[in-house]
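S.K.: Mind looking over this structure? Questions follow.
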Amino acid sequence: MSSQTHLSRSLNDVETKVAILSYADRVLVLVTQLGKIGHMIQASLPSTVPLLPPTPTDDGLPLIEPPPSVELISIFGSAPSAHLTTLHSLYASHIATLVWTMTAQSEETGKRRDVIVGLAFKNSQDVSAHDTGLSSGEQTTFKGVMSMIVAVLGGKDG
Numbered sequence: 184m185s186s187q188t189h190l191s192r193s194l195n196d197v198e199t200k201v202a203i204l205s206y207a208d209r210v211l212v213l214v215t216q217l218g219k220i221g222h223m224i225q226a227s228l229p230s231t232v233p234l235l236p237p238t239p240t241d242d243g244l245p246l247i248e249p250p251p252s253v254e255l256i257s258i259f260g261s262a263p264s265a266h267l268t269t270l271h272s273l274y275a276s277h278i279a280t281l282v283w284t285m286t287a288q289s290e291e292t293g294k295r296r297d298v299i300v301g302l303a304f305k306n307s308q309d310v311s312a313h314d315t316g317l318s319s320g321e322q323t324t325f326k327g328v329m330s331m332i333v334a335v336l337g338g339k340d341g
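Just remember that the working numbering sits 183 ahead of the position in the sequence shown, which is counted from 1.
Have a look at this one:
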């Protein structure tokens, strides 16, 4: 992991901060638009489960499909709706998969570290209560956050 462990950008006109802290047994990833964390989720994956190499997308982001065996456990806090619960799970599984893929931690210790993901987003105004898909604003924010994660892990401000 790079020496730069945090990054701040404006995504959809909202200041968004990402910080990644690496510990011996876990990696902590914080993503906030509120200056605090509202929901923490632990992602784990056995070291015996292989990770596919990333494939670049049209926008340059590595596309990595999280393995179906990723286990997500809500540690504290919760999302205020079913839609946001699903969105938070999507963030946690993708962020954890990026961390596992872009760091050599499993080679160093023989064990894949759990990833704790802390999330706090401003309420999206463009999502209806019955909408099951991602709004265009949520898609833009998701891609922006993934880009920030890649930049911090890869040491680029990309």
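Where a beta carbon is used, it is the ideal one built from N, C-alpha and C, also for glycine.
State buried or exposed for E321, treating a residue as buried only when at least 16 other CB atoms are found within 10 Å of its CB.
M.R.: Classification for E321: buried.
S.K.: Report yes or no: is there a C-beta of chain D within less than 8 Å of the C-beta of L317?
M.R.: This model lacks chain D altogether; it includes just one protein chain.
S.K.: With which residues is D208 paired in a DSSP beta bridge?
M.R.: DSSP output for D208 lists no bridge partner at all.
S.K.: Determine the closest residue to H222 out of S272, S193, P229, with distance taken between C-alpha atoms.
M.R.: S272
S.K.: Return the residue from the list I220, P239, S257 that minimises the CA-CA distance to S276.
M.R.: S257
S.K.: I need the straight-line Cα distance from V328 to V201, nearest angstrom please.
M.R.: 8 Å
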